[in-house]
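Before any comments, here is the structure.
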Amino acid sequence: MAEDQTNGGAPAQPQPQTLNPQVGLLAQYMRDLSFENVAAQKGGAQEGRPDIKVGVNLDANAKGDNRYEVTMKLNAKATSGEQTIFVVELDYAGVFTVTGVPDTHLRPFLLIECPRILFPFARRIMADVTRDGGYPPLMLDLIDFAAI
Numbered sequence: 269m270a271e272d273q274t275n276g277g278a279p280a281q282p283q284p285q286t287l288n289p290q291v292g293l294l295a296q297y298m299r300d301l302s303f304e305n306v307a308a309q310k311g312g313a314q315e316g317r318p319d320i321k322v323g324v325n326l327d328a329n330a331k332g333d334n335r336y337e338v339t340m341k342l343n344a345k346a347t348s349g350e351q352t353i354f355v356v357e358l359d360y361a362g363v364f365t366v367t368g369v370p371d372t373h374l375r376p377f378l379l380i381e382c383p384r385i386l387f388p389f390a391r392r393i394m395a396d397v398t399r400d401g402g403y404p405p406l407m408l409d410l411i412d413f414a415a416i
């Protein structure tokens, strides 16, 4: 016979309700893409390995009914000395449904978890564009969005 385990006859403590965060990707798309092939326009050939600086900006906006648009803005500028070789800028966005996330954690969730979902697709676009521009594909390192 099973015995009811209570704390000395005291009523059992209610268990804290755990939230089950869920995210769904409804759509993903390029909002804007720009590639400036500066070195090719000047007719100059690149010598040596270029210095490439990469920037990342994130934004999230409510679209209603637990839907949010998250935009990742990636830019990369390749230089050799003082000469610009190429500049690529990509705005990549996704529309997500998010439930089970407390309001206090919603913005960090949108700016960390949603970009993690979008990043592989944006990374591929950046690599393809630089390759199609006549350069080795720009393979962006993985980004720790929690650290941004």
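The sequence shown runs 269 to 416 under the numbering used here.
For glycine and all other residues, C-beta sits at the position ideal for the given N, C-alpha and C.
CB contact flag (residue i, residue j, <7 Å)
i, j, result
"residue 359", "residue 341", "yes"
"residue 326", "residue 383", "yes"
"residue 366", "residue 343", "no"
"residue 379", "residue 328", "yes"
"residue 243", "residue 361", "In the structure as shown, the chain starts at 269 and stops at 416, and residue 243 therefore has no counterpart that could be examined."
Residue i to residue j span [Cα, whole Å]
i, j, result
"residue 377", "residue 347", "35 Å"
"residue 339", "residue 294", "14 Å"
"residue 319", "residue 414", "26 Å"
"residue 336", "residue 324", "19 Å"
"residue 391", "residue 381", "16 Å"
"residue 321", "residue 406", "11 Å"
"residue 400", "residue 303", "10 Å"
"residue 309", "residue 416", "35 Å"
"residue 389", "residue 375", "22 Å"
"residue 402", "residue 394", "13 Å"
"residue 350", "residue 412", "30 Å"
"residue 386", "residue 305", "25 Å"
Helix, strand or coil at residue i according to DSSP, with G and I counted as helix
i, result
"residue 375", "helix"
"residue 357", "strand"
"residue 369", "coil"
"residue 384", "helix"
"residue 416", "coil"
"residue 298", "strand"
"residue 411", "coil"
**Asked** Taking three-plus beta-carbon pairs below 8 Å as touching, is the region 287–295 in contact with the region 345–360?
**Response** no
Complete runs of the alpha helix (DSSP H) confined to the region 305–329 [at least 4 residues]: Along the region 305–329, the alpha helix (DSSP H) occurs as fully enclosed runs of 4 or more residues at 306–309, listed in sequence order.
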